[in-house]
Amino acid sequence: MKGNQLMRKPKLLRALLILLFVAAPMQWTRAQIVLSTPKTTLGAVIKNIKSQSNYQFFYDDKLAETPVNAIDVKNGSLQSVLDAALQGKGITYKIEDNIVYLSAPGEPQTPQQTGQEHTVTGTVVDATGEALIGVNVQVKGNPTAGTITDFEGNYSLSVPGNGEVVFSYIGYRSETLKPDGKNVLNVTMQEDTQQIGEVVVTALGIKREKK
């Protein structure tokens, strides 16, 4: 019984450390936006939003010159700012994780908006089948598109049609997988014995062992 408890402690410590490192970026994505401006352009509004948050925008460059009426939003959500800026313009938006897609009236939608980008869910476990908490799950090549597994090892992530998903976790070998249109992607991660031997978790943080 004691052996099982001792085995669980390193995994719990790793999970707590990862949750600590990702908490700040996740909070940054959910930032409340303050925007008070007279008549301006949509491009200026987008620039202001990006300076206060971690949102990225995809749109036709010509939309940047769209005139926008005066806006006065204090500690508002992204949706409230966009609704105020786009009112009466006929421009639509779609938010996927921290990416905002803008479309002009009658404009062909991007591949992501037509369904090429889809949500992938799954569970991440170790070789014994035990759920791994706090595994970093990220779209390869896009550091802002990611999430972590919950306390049951589950995750949910929007992935481009041709995208790959990278799974990384302290003490385990990273895995890079391509969903190929599948909506469920379960992963079994293998321990990296060399990495485990080199890293010591202490009350003050992580340090390298002396050899």
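Here the sequence shown stands for residues -31 to -1, 1 to 180, where the numbers follow mature numbering (1 follows the signal peptide of the UniProt record, and there is no 0).
All residues carry an ideal CB built from backbone N, CA and C; glycine is no exception.
None of the values given here were measured: they were computed from a predicted structure.
Is the beta carbon of residue j closer than 7 Å to that of residue i?
| i | j | result |
| --- | --- | --- |
| V93 | T118 | yes |
| V106 | T90 | no |
| K8 | A53 | no |
| F27 | Y70 | yes |
| V128 | V108 | yes |
Looking at the secondary structure, which residues open and close the alpha helix (DSSP H) in which residue i lies?
| i | result |
| --- | --- |
| V42 | It is not in any alpha helix (DSSP H) - V42 instead sits in the beta strand (DSSP E) that spans I40 to G45. |
| V14 | L11 to Q21 |
So, under 8 Å CB-CB, residue i and residue j are touching, yes? Tell me the CB distance rounded to an integer number of Å.
| i | j | result |
| --- | --- | --- |
| V156 | T145 | With a Cβ gap of about 10 Å, V156 and T145 do not count as contacting. |
| V42 | I18 | Going by Cβ atoms, the distance from V42 to I18 rounds to 10 Å, so no, they are not a contact pair. |
| G59 | P74 | 4 Å |
| G130 | L101 | About 27 Å separates the two Cβ atoms, so there is no contact after all. |
Taking the straight line between their C-alpha atoms, what separation do you get for residue i and residue j?
| i | j | result |
| --- | --- | --- |
| L126 | G132 | 11 Å |
| residue 223 | L32 | Residue 223 lies beyond the range of the chain shown here (-31 to 180); nothing can be said about it. |
| N23 | K16 | 11 Å |
| K147 | D95 | 19 Å |
| S137 | V37 | 43 Å |
| S46 | L4 | 11 Å |
| K63 | H87 | 13 Å |
| V14 | A114 | 22 Å |
| G103 | K151 | 23 Å |
| G110 | D30 | 23 Å |
| M158 | D149 | 20 Å |
| T6 | S20 | 15 Å |
| S72 | Y124 | 29 Å |
Looking only at its own chain, which residues have a Cβ that is under 8 Å from the Cβ of residue i, when we skip the five neighbours before and after it?
| i | result |
| --- | --- |
| D161 | G140, Y141 and R142 |
| W(-4) | With a pLDDT of only 42 at W(-4), under the threshold of 50, the placement of this residue in the model should not be trusted; the figure read from the coordinates follows. Answer for W(-4): S22 and N23, listed in chain order. |
| Q1 | N44, G45 and S46 |
| Q25 | K19, N67, I68, V69 and T113 |
Counting along the chain, where does the beta strand (DSSP E) carrying residue i start and finish?
| i | result |
| --- | --- |
| L146 | Y141 to L146 |
| Y62 | T61 to E65 |
| F136 | V134 to Y138 |
| Q25 | Q25 to F27 |
| L101 | Careful: L101 lies outside any beta strand (DSSP E) and carries neither H nor E. |
| T97 | Neither: T97 is in no beta strand (DSSP E) and is coded neither H nor E. |
| L71 | I68 to S72 |
| T118 | Premise fails: T118 is in no beta strand (DSSP E) and is neither H nor E. |
| L154 | Careful: L154 lies outside any beta strand (DSSP E) and carries neither H nor E. |
Within 7 Å of any Cβ in chain B, is that where the Cβ of residue i sits?
| i | result |
| --- | --- |
| K8 | Going by chain labels, chain B is absent from the structure shown, which holds only one protein chain. |
Can you give me the Cβ contacts of residue i inside the same chain, cut-off strictly under 7 Å, excluding the 5 residues immediately before and after it?
| i | result |
| --- | --- |
| M(-25) | In this prediction, M(-25) scores a pLDDT of 49, lower than 50, which makes its location untrustworthy; no coordinate-derived value is stated. |
| L11 | L32, A33, T35, V37 and A54 |
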